[in-house]
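Numbering (the numbering used here), first residue to last: 1 to 59. Positions of the beta carbon are idealized from the N, C-alpha and C atoms, including for glycine. As the structure is a prediction and not an experimental result, all values here were calculated from the model.
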């Protein structure tokens, strides 16, 4: 079967009118929630370089 994978960080939003709960990734997860063909996970730790992690935290 077909598999589609979306990845993203809902905390990295640069549009002033969008936030963690109303960006495209968050809306996609909300729309497909409960469907038998859909799965969603949230990763709690960052597997990035020290500089990328710092930028995500500060910006």
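Span of the alpha helix (DSSP H), counted from its first residue to its last, around residue i
{"i": "residue 30", "result": "24-32"}
{"i": "residue 4", "result": "Looking at the DSSP string, residue 4 is not in any alpha helix (DSSP H), and its letter there is neither H nor E."}
{"i": "residue 53", "result": "50-58"}
Proximity winner among the options, relative to residue i (alpha-carbon distances)
{"i": "residue 62", "options": "6, 12, 29 and 1", "result": "No answer is possible for residue 62: the residues shown for the chain start at 1 and end at 59."}
{"i": "residue 15", "options": "34, 23 and 9", "result": "23"}
{"i": "residue 40", "options": "18, 49, 50 and 28", "result": "28"}
{"i": "residue 76", "options": "37, 54 and 17", "result": "It is not possible to answer for residue 76, since the shown part of the chain is limited to 1 through 59."}
Coarse secondary structure for residue i, derived from DSSP in three states
{"i": "residue 43", "result": "coil"}
{"i": "residue 15", "result": "coil"}
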